[in-house]
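Some notes on the structure that comes next.
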Amino acid sequence: MIKILYRFPYLFLLLFLLSGCWDQTNIDKRAYVVAIGLDKAEEDQQYKVTYLISNPELSKQQAGTNEPGKEILTFSTNDLMTAKKLANTVVAKEISYNLLTVLVVSEDLARDKFFLRLIYDSIKSRDIARDTPIIVSKENASKFLIENEPKLETRIHKYFELIMESGSESGFIPKSTLHSFFRITEADADLFLAPYGTTEKSDNKKDILNDDFLAGEFQVEGETNKTQLIGSALFKEGEMIAKLTAKETRIAVLLNDTLDMGELLTTYPDPNNEDYRLGVRVMKKEGNKVNMNLKQTIPSIDVEIPIRVDILANHGMKNYSKDSPEREELKKYLEEQMTKEISHFVKKTQEDFKGEPFGWSLTARKQFKTTHEYEAFDFMKNYPSMNVKVKVSIEFGNFGRQSEMPSIGEMRD
Amino acid sequence: MYKTEGKIGTKELFSIIILVVGTKLTDNTPLIFFDDLGNAAWMAIILIFLISLLPIYFLTKVMTLYPEMNLVEVTNHLFGKYIGTLLLFGLWLLITNSIISTSAVYTDIIGTMYFTKTPIVIIYLLLIAVAVYIAKKGLENIGSASWVTIISIKISLAIVLLLAYFKGETAFLFPLFGEGELRIMKESALNSSIFAEFLLIALIATNVKNKSSYKKAVWLGLLVVTVEIAVALIAYVMLFDYNGVKLLNYPFHETIRLIELGFITNVESMFFPFWLIATFLRFSFLLYINALLFGGIFKIKNFEYIIPTLGTIIVFLGLIPETPVFNFTSNQEIFLNITTPIFLLMPFLLWVSAKVKGDYKK
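Residue numbers (UniProt numbering), protein chains in the order written: chain A, 1 to 413; chain B, 1 to 362.
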């Protein structure tokens, strides 16, 4: 037994074999691309790629260098693979996509027919992960990446990860990746949503209270990053066809069970007083109940959305927690409001987009026995003429930490 | 080198079966089913299981009848010297072909998915060299190595499938029958030879401790392998949907690149080593069987000595085709279709001739 134990240290010699021979590269000889931007180039069938290369030295706590945190370069190229080598004419280190956190596509390119051909480069490559998120930028992706200067997240690779996470959690942007883009485009039955962002401010005053705004339209003052990620870009058959506002994105996320939903925070007008608004938190209790009847001449879809609502802010100072008839009334009112909002948007998808980003085709599949029958039915083509009924059913959660409100009238007498 | 006199038990044989057949779910075998059947590919596996019950039943029946003989001796005994040798030689050619094409595919997996810059020749040589080394140590060593590693390999597989299941979408499994029931039946009948390795297990029947443990390992192995492959095919569809799954060359390797362990992303390097070990053991067993069969046909007693030679030939032949995935995937389907009648009929014919010869009455 002891004899065997003596031999054990020799096993550690095997560790040297693990490094590999030809594929071995040292970390300090690699340039890690954190974000790739894709733009249209002047020439046809070509595009401009922008690399945002992060400086790994910046993350060292001690002995920080004076080197900047990132390096950005833009150039014309044919595809993502050959671009790697082209970039080496400028950047000394070997380009690696291993730590890629986001793919930024300019709206111009996304609306182009050529986009679908380009994006398929990304699965040819060994080192681009299928779950890399896509962002559509209003301006050129190169400008978006240059202008984007987060003030506190100087470690740029963390920034994208975090802002996508918190943005999709609050429902302002959808959570979508290359993987879901390919899946939805290949299935050719639903529409795909990608987060929409910009660094350009636009002045048109929109209805902020009703979340009816897009990236760039949210007025922020102070010293902060110019980047805003709000709303989404709608893709049909691999091509961008429209932009959805924050509110529409929120509805789409609420209706789509394949998109992760955190808690949506929003406001609704107070039923008792037009001047005040209620701040609410919406959470999904369980999956939506989608019933379909596709066999009849006008196919119908019945959707029931079970949600849990917490009242967070209540400027009308009503004591909903004590008053059960009032509470019932509020519930009915909110249900009506939401159903109206949702039905309105569903109508818009039927009339304007001729397709839905809600993943309903997945439920439709269950009605068919074989893929041939399902594909012959052509869900996307039939969707605009379908009879869609939406119903929201609310269950109240809590009414804030202190649920009771003093009577303002009595305090001010 | 000595000839292994030692015998293997139920658990070793069981692990060998699982590694040799079960590892198929990680190469391009799923592609054959997805291409033709889409999201209903998993049903084909269940059907193939039902189809192969009969040949495996006859085979075990024949093998238990002659406890002192392995498949080479049984075939020679029942079919006579000439037909028997011809049949066995055909079987040997099929196995050799299968080893060449699958080893080229496995090399391609390592080359395209993991070590992109390493020359294919080096990967191929290393893969076969390790397999030859293990195979030359004999069946007993292959068996115990399989038994030692199988638990960790299967735990890692279970984690992959579990994570894939949670990340996936059950709705992708619908429309339930995919390309239609008739198509499923046809394809599963044609490709039922993915379980043809069970024929090879009969070649080492005499190396198993006793007949009851041989029977137990074969039936248990068949059951586990079926469940394993079916669950894996379901998991791939749940992740990639029926269109996407047809486009992937190696769904298992795409799966381990896609899933994440909580906050840890890029987890493929945690599963790759286990897969490598399974691959090495799989090829060492196939090489061993190949040599054993060759030795049986040409009456070579110390057949372990031809393993290195066979390995070298395999490397050279496997390096010939340009793009292994496409050549061998289309090839493999034809190969499976050719092997199917042999897999389905040979056990039955063996059993019939044993009956005719009257060996059952003795």
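Just so it is clear, CB atoms sit at the ideal spot from N, CA and C, and this is done for glycine as well.
- Pick out the complete alpha helix (DSSP H) segments inside the region 340-398 of chain A, 4 residues or longer, and give them in chain order. 361-365, 371-377 and 379-382
- Thinking C-alpha only, which one of A:Tyr374, A:Val392, A:Lys381 and A:Thr25 is nearest B:Gly178? Taking the second sequence and counting its residues from 1, the one referred to as residue 178 of chain B is at position 178. Of the listed residues, the one whose Cα sits closest to B:Gly178 is A:Tyr374.
- Task: Please work out which residues of its chain come closer than 7 Å, Cβ to Cβ, to A:Tyr10, disregarding the five sequence neighbours upstream and downstream, and give them in chain order.
- Result: Position 10 of the first sequence holds residue 10 of chain A. Counting only Cβ-Cβ distances below 7 Å, and skipping sequence neighbours, we find nothing.
- Task: Put A:Glu94 into one of helix, strand or coil per three-state DSSP.
- Result: Looking up residue 94 of chain A in the first sequence gives position 94. DSSP places A:Glu94 in strand when its eight states are reduced to three.
- Determine the DSSP secondary structure at A:Leu244, reduced to helix, strand or coil. Reading the first sequence from its first residue, position 244 is the one you call residue 244 of chain A. Three-state result, A:Leu244: strand.
- Item | Rounded separation between B:Val62 and B:Asn70 - CA only | Here the question's residue 62 of chain B lines up with position 62 in the second sequence. Here the question's residue 70 of chain B lines up with position 70 in the second sequence. About 10 Å.
- Using alpha carbons as the reference points, say which of A:Pro195, A:Phe181, A:Glu147 and A:Leu362 lies closest to A:Ile163. What you label residue 163 of chain A is simply residue 163 of the first sequence in a count that begins at 1. Minimum Cα distance to A:Ile163 is reached at A:Pro195.
- Query: Could you give the C-beta distance for B:Leu293 and B:Ile95, rounded to a whole number, given that I count them as a contact under 8 Å?
  - Reply: Indexing the second sequence from 1 puts residue 293 of chain B at position 293. Indexing the second sequence from 1 puts residue 95 of chain B at position 95. Yes, B:Leu293 and B:Ile95 are in contact; Cβ-Cβ is about 7 Å, under 8 Å.
- Query: Which residues in chain B sit within 8 Å of A:Leu362, going by Cβ to Cβ distance?
  - Reply: Working through the first sequence from its first residue, we reach residue 362 of chain A at position 362. By Cβ distance, chain B contributes Glu169, Ala171, Phe172 and Phe174.
- B:Ser52 vs B:Phe335 beta-carbon contact at 8 Å: Indexing the second sequence from 1 puts residue 52 of chain B at position 52. Indexing the second sequence from 1 puts residue 335 of chain B at position 335. For B:Ser52 and B:Phe335, no; Cβs fall outside 8 Å.
- Query: Any C-beta of chain B sitting closer than 8 Å to the C-beta of A:Lys366?
  - Reply: By one-based count along the first sequence, residue 366 of chain A stands at place 366. Yes, its Cβ sits closer than 8 Å to a Cβ of chain B.
- Which residues in the same chain have their Cβ closer than 8 Å to the Cβ of A:Glu43, if we skip the five residues on either side of it in sequence? Position 43 of the first sequence, counted from the first residue, corresponds to residue 43 of chain A. Ser76.
- Where does the unbroken beta strand (DSSP E) through A:Asp302 begin, and where does it stop? Your numbering for residue 302 of chain A matches position 302 in the first sequence. Element bounds for A:Asp302: Ser300 to Asn314.
- Mark B:Phe298 as exposed unless 16 or more other C-beta atoms lie within 10 angstroms of its C-beta, in which case mark it buried. As a first step, residue 298 of chain B is located in the second sequence; it is residue number 298 there, counting from the start. Looking at its Cβ environment, which holds fewer than 16 other Cβ atoms inside 10 Å, B:Phe298 is exposed.
- Message: Less than 6 Å between C-beta atoms, sequence neighbours within five positions excluded: which residues of the same chain meet that for B:Val74?
- Response: Here residue 74 of chain B corresponds to residue number 74 of the second sequence, with the count starting at 1. Answer for B:Val74: Tyr66, listed in chain order.
- Message: Which residue marks the beginning of the alpha helix (DSSP H) containing A:Phe75, and which one marks its end?
- Response: Mapped onto the first sequence, residue 75 of chain A falls at position 75. Here A:Phe75 belongs to no alpha helix (DSSP H); instead the beta strand (DSSP E) covers Lys70 to Thr77.
- residue 463 of chain A at chain B interface by Cβ criterion, 8 Å: Lying before the first or after the last residue shown, residue 463 of chain A is absent from chain A, which here runs from 1 to 413.
- Give the DSSP-derived three-state secondary structure of B:Val130 in the structure shown. Against the second sequence, residue 130 of chain B aligns to sequence position 130. B:Val130: helix per DSSP, three-state reduction.
- Cβ neighbour criterion (16 or more within 10 Å) applied to B:Tyr236: Sequence index remark: in the second sequence, residue 236 of chain B carries index 236 (1-based). Classification of B:Tyr236: buried, given that the 10 Å Cβ count is 16 or more.
- Cβ of B:Pro251 less than 8 Å from any chain A Cβ? If you number the second sequence from 1, residue 251 of chain B lands on position 251. It does not: the Cβ of B:Pro251 has no partner Cβ on chain A nearer than 8 Å.
- State whether the region 86-94 of chain B contacts the region 217-236 of chain B, with contact taken as three or more CB pairs (one from each stretch) at a distance under 8 Å. no
- Closest to B:Lys357 by CA distance: which of B:Gly80, B:Trp42 and B:Leu59 is it? The residue you call residue 357 of chain B lines up with position 357 of the second sequence. Out of B:Gly80, B:Trp42 and B:Leu59, B:Gly80 has the C-alpha closest to the C-alpha of B:Lys357.
- Query: Got a sec: is the Cβ-Cβ distance from A:His157 to anything in chain B below 8 Å?
  - Reply: Here residue 157 of chain A corresponds to residue number 157 of the first sequence, with the count starting at 1. Output row for A:His157: interface = no.
- Task: Compare the Cα-Cα distances from A:Thr199 to each of A:Val390, A:Ser176, A:Thr224 and A:Ala376 and report the closest residue.
- Result: Residue 199 of chain A sits at position 199 when you count from the first residue of the first sequence. Selected option, being the one with the closest Cα: A:Thr224.
- Would you call A:Ala376 buried or exposed, if buried means 16 or more other Cβ atoms sit within 10 Å of its Cβ? Against the first sequence, residue 376 of chain A aligns to sequence position 376. When all chains shown are included, A:Ala376 counts as exposed.
- Message: Once the 5 residues before and after B:Phe274 are set aside, which same chain residues still bring their CB inside 7 Å of it?
- Response: Indexing the second sequence from 1 puts residue 274 of chain B at position 274. Counting only Cβ-Cβ distances below 7 Å, and skipping sequence neighbours, we find Ser152, Ile153 and Ser156.
- What is the residue span of the beta strand (DSSP E) that A:Ser106 lies within? In the first sequence, the residue the question calls residue 106 of chain A occupies position 106. It spans Val102 to Ser106 - the beta strand (DSSP E) in which A:Ser106 sits, taken as one unbroken run.
- Item | Residue from B:Glu254, B:Ser103 and B:Ala278 with nearest C-alpha to B:Thr149 | By 1-based counting over the second sequence, the position of residue 149 of chain B is 149. Of the listed residues, the one whose Cα sits closest to B:Thr149 is B:Ala278.
- Task: Since I believe A:Ile53 is in contact with A:Leu103 (beta carbons under 8 Å), could you give me their beta-carbon distance rounded to a whole number of angstroms?
- Result: In the first sequence, residue 103 of chain A corresponds to position 103, counting from 1. In the first sequence, residue 53 of chain A corresponds to position 53, counting from 1. 15 Å between Cβ atoms; not a contact.
- Message: Rounded to whole angstroms, what is the Cα-Cα separation between B:Ala354 and B:Ala205?
- Response: Residue mapping note: residue 354 of chain B aligns to position 354 of the second sequence, counting from 1. Residue mapping note: residue 205 of chain B aligns to position 205 of the second sequence, counting from 1. Straight-line Cα distance between these residues: approximately 17 Å.
- Can you round the beta-carbon distance between B:Ile46 and B:Thr226 to whole angstroms, since I take them to be within the 8 Å contact cut? For the purposes of this step, residue 46 of chain B is taken as the residue at position 46 of the second sequence. For the purposes of this step, residue 226 of chain B is taken as the residue at position 226 of the second sequence. About 7 Å; that satisfies the 8 Å criterion.
- Query: Thinking C-alpha only, which one of B:Leu176, B:Ser103, B:Lys137 and B:Leu19 is nearest B:Trp42?
  - Reply: Locating residue 42 of chain B in the second sequence gives position 42, where the first residue counts as 1. When only C-alpha atoms are compared, the closest one is B:Leu176.
- Message: For A:Val392, which residues in the same chain have their Cβ closer than 6 Å to its Cβ, ignoring the five residues on either side in sequence?
- Response: Position 392 of the first sequence, counting from 1, holds the residue named residue 392 of chain A. For A:Val392, where only same-chain residues beyond five positions count, the Cβ hits under 6 Å are Ile305, Glu335, Met338 and Thr339.
- Query: Based on the DSSP output, what are the partners of A:Ser232 in its beta bridges?
  - Reply: Numbered from 1 along the first sequence, position 232 holds the residue referred to as residue 232 of chain A. The partner list for A:Ser232 (beta bridge, DSSP) reads A:Pro195 and A:Leu244.
- Could you work out which residues of chain A lie near B:Pro119, taking near to mean beta carbons separated by less than 9 Å? Taking the first residue of the second sequence as 1, we reach residue 119 of chain B at position 119. Trp22, listed in chain order.
- Message: I want to verify the contact list: residues of chain B whose CB lies under 7 Å from the CB of A:Lys369, in sequence order.
- Response: Sequence index remark: in the first sequence, residue 369 of chain A carries index 369 (1-based). Result: Pro175, Leu176 and Phe177.
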